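**Q**
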Amino acid sequence: MVDILDKAMRSHDLDKCEIVRLLSIDDGVQQEVLFKAADETRQQYLGTDVHLRGLIEFSNYCMNDCMYCGIRRGNRTLERYRIQPDEVIKVAAQAYRLGYRTIVLQSGEDGYYTGDVMCYIIRGIKEAADVAITLSIGERSYDDYKRMKEAGADRYLMRFETSNRELYKKLHPRMDFDNRIQCLKDIKSLGYELGSGFLVGLPGQTVEDIADDILLLKELGADMVGIGPFIPHPDTPLRSCNSGSLDMVLKAVAVLRLIMPDINIPATTAVGTSDPFGRQKALKAGANVIMPNVTPLEYRQLYQLYPGKICIGENPQDCRICVEGLIRSVGRTVGTGYGGHNG
Ligand code: SAM
Ligand code: FES
0 MVDILDKAMR SHDLDKCEIV RLLSIDDGVQ QEVLFKAADE TRQQYLGTDV HLRGLIEFSN
60 YCMNDCMYCG IRRGNRTLER YRIQPDEVIK VAAQAYRLGY RTIVLQSGED GYYTGDVMCY
120 IIRGIKEAAD VAITLSIGER SYDDYKRMKE AGADRYLMRF ETSNRELYKK LHPRMDFDNR
180 IQCLKDIKSL GYELGSGFLV GLPGQTVEDI ADDILLLKEL GADMVGIGPF IPHPDTPLRS
240 CNSGSLDMVL KAVAVLRLIM PDINIPATTA VGTSDPFGRQ KALKAGANVI MPNVTPLEYR
300 QLYQLYPGKI CIGENPQDCR ICVEGLIRSV GRTVGTGYGG HNG
């Protein structure tokens with residue numbers, strides 16, 4: 000293992016076999032050596048800052064039926080909500096006043112927010128607040144991506160979820176893997192900072208699949224990468240499957256940091272849900288971003304992609320204080336700039 004880590008730290012380049020070997024480490028001491036190497040790489044390339052993104056979950060309507068997702072259209076038990084455009088702008092301005100310099104606008108795939116409506120929201124936020132805007136609203140037309148970029152959107156986040164085509168097909172009825180990858184390429188070519196990522200522990204996923212996921216992120220030239228454990232939701236077809244392993248998520252974060260040393264990697268909310276110290280552990284295994292929730296409280300419990308999601312009872316100010324404490328507790332500092340990959 001030491002030879003692979005040496006190579007990774009020197010060249011930031013590993014082949015699939017080497018990645019599989021690192022992901023297969025099951026000895027606690029060796030895992031710590033991997034996390035330490037990733038932590039050192041993060042320190043060398045990015046320093047101690049952890050960047051905060053204020054996450055606004057503005058609609059839980061979704062036209063898709065992803066088998067694992069709590070807001071899938073097939074979940075008829077869920078009360079649906081849409082935050083109106085002017086209120087989204089207001090919430091973003093409040094987040095700016097709390098100190099956030101990046102706002103993430105996330106929703107299900109909801110056609111109510113047409114390209115025009117999204118451009119209205121983006122322009123409104125840019126007038127009201129000096130923030131970078133990340134969109135996370137799924138697959139759109141090239142034209143929509145282009146117009147939203149021109150309206151001022153800076154970054155776009157869309158996981159491919161798994162690079163295993165067979166598995167992708169099983170888990171995403173009526174969706175097309177090639178289209179999702181094409182969207183990611185379009186987004187990158189339009190000059191957005193590109194965010195993507197995958198789920199760990201999907202039923203049927205292998206360690207080789209995860210190695211392929213990591214290599215695909217490198218090939219796409221991702222600027223930021225979110226990796227989260229799959230957490231079964233009781234109102235989905237995958238309700239009785241096992242959760243993804245936190246250790247595997249942490250190993251994937253560490254390997255990614257080694258081969259993409261200067262990208263942004265969040266300690267995801269799902270990691271914090273699967274273990275009370277999950278986000279701290281991720282920050283020590285290569286992560287450098289946290290995305291606290293700034294969605295108004297009345298909507299939070301309706302955006303449960305998976306059960307037990309943390310922070311659904313905390314108001315945005317308390318959440319910020321809590322996260323700043325978490326960051327300091329692992330000896331890190333809170334970033335004050337936009338915290339993009341390119342500044
Ligand atoms: N609709 C947008 C899209 O498709 O990119 C963004 C919203 S989507 C709900 C955000 C992410 O939630 C997905 O990319 C997926 O990885 C994650 N997610 C959904 N269900 C999950 C579950 N049961 N466990 C863990 N993560 C989940
Ligand atoms: Fe939200 Fe702790 S991160 S309350």
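Residue numbers for the sequence shown follow numbering that gives the first Met the number 0, beginning at 0 and rising by one. For every residue, glycine included, the Cβ atom is placed at its ideal position computed from N, Cα and C. Note that the coordinates shown come from a computational prediction; the quantities given were computed from them, not determined experimentally.
Hey, would you say the C-beta of Gln349 is under 7 Å away from at least one heavy atom of the ligand SAM?
**A** No information on residue 349 is available, as it lies outside the stretch 0 to 342 that the chain covers here.
**Q** Give the single residue among Gln300, Gly324 and Met259 whose Cα lies nearest to the Cα of Ile289.
**A** In the sequence shown, residue 289 corresponds to position 290, counting from 1. Nearest option by C-alpha distance: Gly324.
**Q** Cβ of Arg81 versus every heavy atom of the ligand SAM: is any distance shorter than 7 Å?
**A** By 1-based counting over the sequence shown, the position of residue 81 is 82. Flag unset: Cβ of Arg81 not near the ligand SAM.
**Q** Do Val293 and Val32 have their C-beta atoms closer together than 8 Å?
**A** Numbered from its first residue, the sequence shown carries residue 293 at position 294. Numbered from its first residue, the sequence shown carries residue 32 at position 33. Cβ atoms of Val293 and Val32: not closer than 8 Å.
**Q** Could you work out which residue in Ile262, Glu313, Gln303 and Glu297 is closest to His340 when comparing CA atoms only?
**A** Taking the sequence shown and counting its residues from 1, the one referred to as residue 340 is at position 341. Per the Cα distances, Ile262.
**Q** Do Ile82 and Ile102 have their C-beta atoms closer together than 8 Å?
**A** On the sequence shown, position 83 is the one that residue 82 refers to. On the sequence shown, position 103 is the one that residue 102 refers to. In this structure, Ile102 does not lie closer than 8 Å to Ile82 by Cβ.
**Q** Rounded to the nearest angstrom, how far is the Cβ of Asp185 from that of Tyr144, given a contact under 8 Å?
**A** For the purposes of this step, residue 185 is identified with residue 186 of the sequence shown, where counting begins at 1. For the purposes of this step, residue 144 is identified with residue 145 of the sequence shown, where counting begins at 1. Yes, Asp185 and Tyr144 are in contact; Cβ-Cβ is about 6 Å, under 8 Å.
**Q** Could you check what DSSP says for Ile309 in three-state terms: helix, strand or coil?
**A** The residue given as residue 309 occupies position 310 in the sequence shown. In this structure, Ile309 counts as coil in the three-state DSSP scheme.
**Q** Please report the Cβ distance between Lys148 and Gly190, rounded to the nearest whole angstrom; I am assuming they are in contact, meaning their Cβ atoms lie under 8 Å.
**A** Position 149 of the sequence shown, counted from the first residue, corresponds to residue 148. Position 191 of the sequence shown, counted from the first residue, corresponds to residue 190. That belief holds up - the Cβ atoms of Lys148 and Gly190 are roughly 6 Å apart, short of 8 Å.
**Q** Thinking just about the alpha-carbon of each residue, which of Asp246, Lys6, Gly271 and Ser162 is nearest to the one in Pro306?
**A** As a first step, residue 306 is located in the sequence shown; it is residue number 307 there, counting from the start. Answer by Cα proximity: Gly271.
**Q** In chain order, what residues of the same chain lie with their CB nearer than 8 Å to the CB of Leu301, ignoring the 5 residues before and after it?
**A** The count along the sequence shown starts at 1 and reaches residue 301 at position 302. Hits under 8 Å: Asn59, Leu77, Glu78, Arg79 and Tyr80.
**Q** Indicate, with yes or no, if the ligand SAM has a heavy atom lying under 7 Å from the CB of Arg158.
**A** Mapped onto the sequence shown, residue 158 falls at position 159. True, at least one ligand heavy atom lies under 7 Å from that Cβ.
**Q** For Asn263, list the residues DSSP reports as bridge partners.
**A** Numbered from its first residue, the sequence shown carries residue 263 at position 264. Met223, per the DSSP bridge assignment.
**Q** In the stretch 150 to 233, which residue ranges form an unbroken alpha helix (DSSP H) of at least 4 residues, counting only runs that do not cross its ends?
**A** Counting only runs of 4 or more, we get 164 to 170, 176 to 188 and 206 to 219.
**Q** What residue from Arg319, Leu304 and Gly330 has the CA that sits closest to Ala94's CA?
**A** In the sequence shown, the residue the question calls residue 94 occupies position 95. Ala94 has its Cα closest to that of Arg319, out of Arg319, Leu304 and Gly330.
**Q** Would you call the CB atoms of Arg331 and Leu255 closer than 8 Å?
**A** Locating residue 331 in the sequence shown gives position 332, where the first residue counts as 1. Locating residue 255 in the sequence shown gives position 256, where the first residue counts as 1. Not in contact: Arg331 and Leu255 (Cβ atoms no closer than 8 Å).
**Q** Let me know the secondary structure DSSP gives Arg81 once reduced to three states.
**A** Along the sequence shown, one-based indexing puts residue 81 at 82. Three-state result, Arg81: strand.
**Q** For a test of your reading of the model: does the CB of Tyr305 fall under 7 Å from any non-hydrogen atom of the ligand SAM? Yes or no.
**A** Against the sequence shown, residue 305 aligns to sequence position 306. Within the cutoff, so yes.
**Q** Is Asp142 buried or exposed, if buried means 16 or more other CB atoms sit within 10 Å of its CB?
**A** By 1-based counting over the sequence shown, the position of residue 142 is 143. Exposed, because fewer than 16 other Cβ atoms sit within 10 Å of the Cβ of Asp142.
**Q** Between His232 and the ligand SAM, is there a pair consisting of the residue's CB and a ligand heavy atom that are separated by less than 7 Å?
**A** Against the sequence shown, residue 232 aligns to sequence position 233. Flag set: Cβ of His232 near the ligand SAM.
**Q** Between the stretch 192 to 211 and the stretch 239 to 253, can you find at least three pairs of beta-carbon atoms closer than 8 Å?
**A** Yes, the stretch 239 to 253 touches the stretch 192 to 211.
**Q** Measuring only from the beta carbon, is Ile136 closer than 7 Å to any heavy atom that is part of the ligand SAM?
**A** Counted from its first residue, the sequence shown places residue 136 at position 137. Ile136: yes, Cβ under 7 Å from the ligand SAM.
**Q** Here's a check: name, in chain order, each residue in its chain whose Cβ is nearer than 8 Å to the Cβ of Val19, leaving out the five neighbours to either side.
**A** Here residue 19 refers to the residue found at position 20 when the sequence shown is read from its first residue. Once the five neighbours on either side are set aside, the close Cβ partners of Val19 are Val206, Glu207 and Ala210.
**Q** Counting along the chain, where does the beta strand (DSSP E) carrying Asp57 start and finish?
**A** Locating residue 57 in the sequence shown gives position 58, counting from the first residue. Checking the displayed sequence, the identity of residue 57 turns out to be Phe instead of Asp. Counting along the chain, the beta strand (DSSP E) containing Phe57 begins and ends at Gly53 to Ser58.
**Q** Measure the CB-CB distance between Met157 and Leu183 and report whether it falls below 8 Å.
**A** If you number the sequence shown from 1, residue 157 lands on position 158. If you number the sequence shown from 1, residue 183 lands on position 184. Cβ distance < 8 Å, so Met157 and Leu183 count as in contact.
**Q** Considering only heavy atoms of the ligand SAM, does any lie closer than 7 Å to the CB of Ala152?
**A** Indexing the sequence shown from 1 puts residue 152 at position 153. No; taking the cut-off as 7 Å, the Cβ of Ala152 has no heavy atom of the ligand SAM nearer than that.
**Q** Which of the three DSSP states is assigned to Ala131 in this structure?
**A** Locating residue 131 in the sequence shown gives position 132, where the first residue counts as 1. Ala131 falls in the strand class under three-state DSSP.
**Q** Would you tell me roughly how many angstroms separate the C-alpha atoms of Asp5 and Glu17, rounded to the nearest one?
**A** Taking the sequence shown and counting its residues from 1, one reaches residue 5 at position 6. Taking the sequence shown and counting its residues from 1, one reaches residue 17 at position 18. Answer to the nearest angstrom: the Cα atoms are 12 Å apart.
**Q** Taking Ile70 and Leu249 to be in contact with their CB atoms under 8 Å, please state how far apart those CB atoms are, rounded to whole angstroms.
**A** Indexing the sequence shown from 1 puts residue 70 at position 71. Indexing the sequence shown from 1 puts residue 249 at position 250. Actually they do not touch by this definition, with Cβ atoms about 26 Å apart.
**Q** My understanding is that Thr161 touches Asp212, with C-beta atoms under 8 Å, so please give their C-beta distance in whole angstroms.
**A** Position 162 of the sequence shown holds residue 161. Position 213 of the sequence shown holds residue 212. Their Cβ separation, rounded to whole angstroms, is 7 Å, which keeps Thr161 and Asp212 in contact under 8 Å.
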